[in-house]
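In this note's numbering, the protein residues as written are 7 to 418.
Virtual Cβ for every residue (Gly too), placed ideally from N, Cα, C.
Read the structure below first, then the notes.
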Ligand code: HEM
């Protein structure tokens with residue numbers, strides 16, 4: 007067992023060498039005791055097999071910290087935050103998790119997501135039309151493309167006026183900034199009081215939206231979730247509030263970073279870029295490889311051991327916190343040949359970028375559609391898309407939860 011004191015995983019400098027850090031950790035011990043930037047000691051699981059079986063085992067490892075040892079308390083959170091995130095699907099275990107997941111899954115079916123594809127294509131085309139009209143033929147791929155694409159898709163999917171998109175972006179970033187491992191500071195230098203006032207405003211907005219959708223159901227996901235029924239049960243207003251907040255937190259930054267990470271990875275691997283340009287049908291397999299190679303979610307939600315147990319033979323005590331490092335598992339040489347090589351034709355490629363088991367990403371089908379449409383449309387409509395700056399040192403944004411870029415200057 008290793009305790010690596012002060013292991014820096016979140017700074018900008020640490021982000022650029024994170025894959026090497028994980029490789030060393032995985033080589034030394036695929037289940038290691040590590041001190042997090044928050045000062046907390048946790049188990050980090052970096053091996054693929056260990057991570058996959060750990061994530062799938064919701065009997066031994068719970069997302070809800072009800073099994074924390076005596077004396078260790080969760081910090082008290084403001085009421086608005088509790089209403090938005092407390093007891094939401096990502097942080098509860100079966101059977102409550104099963105209840106919520108079943109209801110949302112009835113509305114968020116793969117068929118529903120496929121029906122969104124033409125809309126995703128149209129949104130992407132409109133964005134690219136605007137970019138192609140730029141006289142200087144340059145733009146920031148993150149801010150001008152990767153951000154608005156999922157934001158507009160999400161607004162349309164939830165039935166929110168497009169005019170309110172920017173408020174949703176702010177609310178999503180503010181909720182993410184509450185996660186200490188995200189190391190994301192509140193946007194625009196907002197004070198904690200201003201942050202809380204915005205979060206309260208988000209709750210008021212969603213309360214009103216949900217009432218409106220109940221009174222006048224439309225063709226959107228909130229209306230679909232409100233009407234979904236399983237065994238005579240429906241979502242309550244509080245269920246809906248938490249679910250929409252979770253979709254907004256889980257579905258924006260992630261997809262944004264997938265798009266940015268894909269473009270950077272292709273720029274850095276010109277042979278793979280040329281291959282995808284010549285064979286656009288490879289987009290589905292290319293997106294899977296990008297998810298493995300530069301997955302936007304680097305670590306799983308924390309889990310807590312429900313009993314004294316073990317992972318890969320390493321003893322874990324009841325109540326201890328365990329996190330799977332998805333980015334490390336997905337580069338495990340015991341699982342993948344030449345794991346640090348980008349190979350858009352890699353097969354099989356059953357990566358862990360969307361997690362595994364009960365909490366496996368609900369939005370994966372949508373993220374895949376967005377990723378495929380985004381990359382193919384960009385490459386098709388901008389045949390000369392290239393970096394506008396040296397990309398050797400493009401910095402990753404700080405923080406441990408999300409891997410992504412703050413900016414990527416491109417020209418066409
Ligand atoms: C490339 C984009 C995305 C990635 C890499 C990603 C990754 C993940 C991962 C790893 C988990 C599971 C974490 C764990 O078990 O510890 C997760 C859960 C979740 N994701 Fe995603 N996600 C993405 C996009 C989306 C989108 C677009 C949405 C919504 C439309 C979404 C909604 C959710 C929800 C609701 C959960 C919780 C599921 C549950 O607890 O049952 N995600 N995601």
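Are residue 145 and residue 157 close, meaning C-beta to C-beta below 7 Å? As a working mapping, residue 145 is identified with position 139 in the chain shown. As a working mapping, residue 157 is identified with position 151 in the chain shown. In this structure, residue 157 does not lie closer than 7 Å to residue 145 by Cβ.
Smallest Cα separation from residue 409: which of 382, 267 and 378? Taking the first residue of the chain shown as 1, we reach residue 409 at position 403. Minimum Cα distance to residue 409 is reached at 267.
Tell me, which residues are paired with residue 392 by DSSP? Here residue 392 corresponds to residue number 386 of the chain shown, with the count starting at 1. The partner list for residue 392 (beta bridge, DSSP) reads 417.
Considering only the beta carbon of each residue, do residue 236 and residue 51 sit closer than 7 Å? For the purposes of this step, residue 236 is identified with residue 230 of the chain shown, where counting begins at 1. For the purposes of this step, residue 51 is identified with residue 45 of the chain shown, where counting begins at 1. Their beta carbons are not under 7 Å apart, which means residue 236 does not touch residue 51 by this criterion.
Through-space distance from residue 385 to residue 284, alpha-carbon basis: For this step, residue 284 is matched to residue 278 along the chain shown. For this step, residue 385 is matched to residue 379 along the chain shown. In this structure, the straight-line span from the alpha carbon of residue 284 to that of residue 385 is close to 10 Å.
So is the beta-carbon of residue 359 under 6 Å away from any non-hydrogen atom of the ligand HEM? Position 353 of the chain shown, counting from 1, holds the residue named residue 359. Yes, since a heavy atom of the ligand HEM falls inside the 6 Å radius drawn around the Cβ of residue 359.
Taking the beta strand (DSSP E) that residue 199 falls in, what are its first and last residues? One-based indexing of the chain shown puts residue 199 at position 193. According to the DSSP assignment, residue 199 belongs to no beta strand (DSSP E) but to the alpha helix (DSSP H) extending over 198-221.
Below 7 Å CB to CB, which residues in the same chain sit around residue 370 once its five sequence neighbours on both sides are set aside? One-based indexing of the chain shown puts residue 370 at position 364. So the qualifying residues of the chain are 360.
How close, in whole Å, do the beta carbons of residue 205 and residue 247 come, if the pair is a contact with beta carbons under 8 Å? By one-based count along the chain shown, residue 205 stands at place 199. By one-based count along the chain shown, residue 247 stands at place 241. The Cβ separation is near 12 Å, so there is no contact.
Any idea if residue 88 is buried or exposed, counting beta-carbon neighbours within 10 angstroms, 16 or more meaning buried? Working through the chain shown from its first residue, we reach residue 88 at position 82. Flag for residue 88 reads exposed.
Where residue 8 and residue 123 are concerned, what is the direct C-alpha to C-alpha distance, given to the nearest angstrom? In the chain shown, the residue the question calls residue 8 occupies position 2. In the chain shown, the residue the question calls residue 123 occupies position 117. Only weak support is given to the placement of residue 8: the predicted model assigns it a pLDDT of 48, under 50, and the question is left unresolved by the model.
Out of curiosity, what's the CA-to-CA distance linking residue 65 and residue 56? Position 59 of the chain shown, counted from the start, is the residue given in the question as residue 65. Position 50 of the chain shown, counted from the start, is the residue given in the question as residue 56. Going from the Cα of residue 65 to the Cα of residue 56 covers about 16 Å.
Assuming residue 113 contacts residue 234 under a Cβ cut-off of 8 Å, what Cβ separation, rounded to an integer in Å, is found between them? Start at 1 with the first residue of the chain shown, and residue 113 comes out as number 107. Start at 1 with the first residue of the chain shown, and residue 234 comes out as number 228. Correct: roughly 5 Å between the Cβ atoms.
Can you name the start and end residues of the alpha helix (DSSP H) that residue 273 belongs to? Working through the chain shown from its first residue, we reach residue 273 at position 267. Its alpha helix (DSSP H) spans residues 259-274.
Taking the beta strand (DSSP E) that residue 315 falls in, what are its first and last residues? By one-based count along the chain shown, residue 315 stands at place 309. That run of the beta strand (DSSP E) goes 315-317.
Closer than 6 Å by C-beta to residue 20: which residues in its own chain qualify, once you throw out the five before and the five after it? Chain order, please. For the purposes of this step, residue 20 is taken as the residue at position 14 of the chain shown. Cβ within range, chain order: 14.
Nearest CA to the CA of residue 308: which residue from 26, 107, 32 and 47? Counted from its first residue, the chain shown places residue 308 at position 302. Cα-wise, what sits closest to residue 308 is 47.
Would the C-beta of residue 53 count as close to the ligand HEM, meaning under 6 Å from any of its heavy atoms? Your numbering for residue 53 matches position 47 in the chain shown. Judged by the Cβ position, residue 53 fails to qualify as a neighbour of the ligand HEM at the 6 Å threshold, every heavy atom of the ligand being at least this far.
Which of helix, strand or coil does DSSP assign to residue 36? Here residue 36 is taken as the residue at index 30 of the chain shown, counted from 1. Of the three classes helix, strand and coil, the one that applies to residue 36 here is coil, per DSSP.
Nearest residue (CA-CA) to residue 397, options 198, 181, 272 and 44: Taking the chain shown and counting its residues from 1, the one referred to as residue 397 is at position 391. For the residues 198, 181, 272 and 44, the minimum Cα distance to residue 397 belongs to 272.
Look up residue 402 in the DSSP assignment and give the residues it is bridged to. Here residue 402 refers to the residue found at position 396 of the chain shown. Paired residue(s): 411.
Taking the CB atoms as reference points, tell me whether residue 301 and residue 333 lie closer together than 7 Å. Translated into positions along the chain shown, residue 301 becomes position 295. Translated into positions along the chain shown, residue 333 becomes position 327. Yes, these two residues count as a Cβ contact at 7 Å.
Same chain, Cβ closer than 8 Å to residue 346, neighbours up to 5 away in sequence not counted: As a first step, residue 346 is located in the chain shown; it is residue number 340 there, counting from the start. Exclusion of the five residues before and after residue 346 leaves 25 and 337 as the residues of its chain whose Cβ lies within less than 8 Å of its Cβ.
Quick one: measure Cβ to Cβ for residue 358 and residue 58, integer angstroms, because I've assumed they're closer than 8 Å. Counting from 1 along the chain shown, the entry for residue 358 is found at position 352. Counting from 1 along the chain shown, the entry for residue 58 is found at position 52. Approximately 6 Å separates the beta-carbon atoms of residue 358 and residue 58; this is inside 8 Å, confirming the contact.
Between the alpha carbons of residue 232 and residue 110, how many angstroms are there, rounded? In the chain shown, counting from the first residue as 1, residue 232 sits at position 226. In the chain shown, counting from the first residue as 1, residue 110 sits at position 104. Cα to Cα, the separation comes out at about 9 Å.
Which residues in the same chain as residue 127 place their Cβ atom closer than 8 Å to its Cβ, once the five residues preceding and following it in sequence are excluded? For the purposes of this step, residue 127 is taken as residue 121 along the chain shown, with counting starting at 1. Cβ neighbours of residue 127 beyond the five flanking positions: 379 and 383.
Closest by C-alpha distance to residue 305, when choosing among 53, 108, 18 and 34: Locating residue 305 in the chain shown gives position 299, counting from the first residue. For the residues 53, 108, 18 and 34, the minimum Cα distance to residue 305 belongs to 53.
Can you find a heavy atom of the ligand HEM that lies under 6 Å from the Cβ of residue 261? Taking the first residue of the chain shown as 1, we reach residue 261 at position 255. Yes, the beta carbon of residue 261 sits closer than 6 Å to at least one heavy atom of the ligand HEM.
Just how far apart, CA to CA, sit residue 94 and residue 252? For the purposes of this step, residue 94 is identified with residue 88 of the chain shown, where counting begins at 1. For the purposes of this step, residue 252 is identified with residue 246 of the chain shown, where counting begins at 1. If I take the Cα positions, the gap works out to 7 Å.
What's the gap between the Cα of residue 411 and the Cα of residue 155? As a first step, residue 411 is located in the chain shown; it is residue number 405 there, counting from the start. As a first step, residue 155 is located in the chain shown; it is residue number 149 there, counting from the start. CA-to-CA, the gap between residue 411 and residue 155 works out to about 15 Å.
7 Å Cβ shell around residue 299 - same chain, five flanking residues per side excluded: Counted from its first residue, the chain shown places residue 299 at position 293. Contacts found: 271 and 348.
Does the Cβ of residue 365 lie closer than 6 Å to at least one heavy atom of the ligand HEM? Mapped onto the chain shown, residue 365 falls at position 359. Yes.
Answer with buried or exposed for residue 115, where buried requires no fewer than 16 other C-beta atoms within 10 angstroms of its C-beta. In the chain shown, counting from the first residue as 1, residue 115 sits at position 109. With a 10 Å radius around the Cβ and a threshold of 16 neighbouring Cβ atoms, residue 115 comes out exposed.
Based on Cα-Cα distance, which residue from 99, 36 and 32 lies nearest to residue 310? Residue numbering aside, residue 310 sits at position 304 when the chain shown is read from its first letter. Taking only the C-alpha atoms, the option nearest residue 310 is 99.
Separation of residue 404 from residue 16, as counted between CA atoms: Mapped onto the chain shown, residue 16 falls at position 10. Mapped onto the chain shown, residue 404 falls at position 398. Looking at the backbone, the Cα of residue 16 and that of residue 404 are separated by about 5 Å.
Nearest-angstrom Cβ-Cβ length linking residue 6 and residue 134, presumed shorter than 8 Å: Absent from the structure is residue 6, since the part of the chain shown begins at 7 and ends at 418.
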